[in-house]
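Sequential numbering of the sequence shown, starting at 17, is according to the working numbering. Taking it in order: structure first as structure tokens, then the write-up.
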Amino acid sequence: MQEIGMRFSNAEILEMAEGGYFGSGNAQLPNAYMLMIDEITSISDTGGKFNKGWLEASLKIHPDHWFFACHFKNDPVMPGCLGLDALWQLLGVFLGWSGLQGKGRALGVGNVKFTGQIYPDADSIQYRLDVKRIFKKPMPMGIGEGVVIHKGRTIYQAEDLKVGMINF
17 MQEIGMRFSN AEILEMAEGG YFGSGNAQLP NAYMLMIDEI TSISDTGGKF
67 NKGWLEASLK IHPDHWFFAC HFKNDPVMPG CLGLDALWQL LGVFLGWSGL
117 QGKGRALGVG NVKFTGQIYP DADSIQYRLD VKRIFKKPMP MGIGEGVVIH
167 KGRTIYQAED LKVGMINF
């Protein structure tokens with residue numbers, strides 16, 4: 017059993033992007049532009065919506081983030097797919113933290129709903145991911161449900177997020 021309520025600082029998140037944090041050749045976060053997480057504020061392998069574990073994380077929004085300059089001209093907004101990618105990233109972290117080996121890969125998602133937008137003045141966004149199922153064989157994989165929250169309001173919802181741990 018993992019420690020309930022454990023946190024990962026921004027420095028630890030950046031280490032996860034460098035690789036090796038969960039063991040050589042195992043899960044890692046994207047680096048540079050595609051890293052959509054600043055810190056994981058809490059992670060647990062018990063509780064949550066499905067009693068299989070959960071985690072919460074955040075991202076500080078900066079007006080000069082790269083995506084605002086290209087999505088859309090004269091109407092800067094964070095692409096919704098980046099919030100979705102953040103939820104896949106978090107599920108991959110959960111799997112690596114749980115001891116599953118391999119490189120995390122997004123395998124799919126069920127229903128996705130966008131009911132809000134993230135603008136350059138957003139300040140920060142929060143994520144919540146509830147783990148629904150973990151498979152150890154034949155391929156390690158996790159399934160979860162996640163939300164992106166801005167100013168206390170859920171603005172993105174994703175069901176049946178799937179991340180597999182690919183072994184090369």
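Where is the CB? At the ideal position from N, CA and C, for every residue including glycine.
Backbone secondary structure at residue i - three-state DSSP
i	result
MET181	strand
GLN173	strand
MET17	Residue placement at MET17 is flagged as unreliable, the pLDDT there being 40, under the threshold of 50; a coordinate-derived value is accordingly withheld.
ILE84	For the record, residue 84 in the displayed sequence is Phe; it is not Ile. PHE84 falls in the helix class under three-state DSSP.
ILE134	coil
MET204	The requested residue 204 does not occur in the structure, where the chain is confined to residues 17 to 184.
VAL125	coil
PHE38	coil
MET94	coil
One or two residues paired with residue i in a DSSP bridge
i	result
GLU72	SER58, ARG144
PRO119	Rather than Pro, the amino acid found at residue 119 in this sequence is Lys. According to DSSP, LYS119 bridges with ILE182.
PHE151	MET157
PHE66	The partner list for PHE66 (beta bridge, DSSP) is empty, contrary to what the question assumes.
VAL164	TYR143, TYR172
PHE24	ILE56
Inter-residue CB distance, residue i and residue j (contact presumed, cutoff 8 Å)
i	j	result
LEU145	LEU71	5 Å
LYS68	VAL147	4 Å
PRO46	PHE84	With 8 Å as the limit, PRO46 and PHE84 do not qualify as a contact, their Cβ atoms being about 19 Å apart.
MET181	GLN117	6 Å
PRO156	LEU111	7 Å
ALA33	ILE56	Incorrect: roughly 13 Å between the Cβ atoms, too far for contact.
Neighbour-count burial assignment, residue i, 16 or more Cβ in a 10 Å radius
i	result
HIS78	exposed
TRP82	exposed
PRO154	exposed
ASN26	exposed
Given residue i as reference, the closest of the options once Cα atoms are compared
i	options	result
LYS167	GLN142, ILE159, PHE24, PHE151	GLN142
PHE130	LEU107, ARG169, LEU106	ARG169
PHE184	GLY41, GLU34, ASN26, ARG23	GLY41
VAL125	GLN105, GLN44, SER114	GLN105
MET22	GLY35, SER114, SER58	SER58
LEU103	ILE165, LEU30, GLY35, GLU34	ILE165
ARG121	ASP101, LYS89, THR62, GLY39	ASP101
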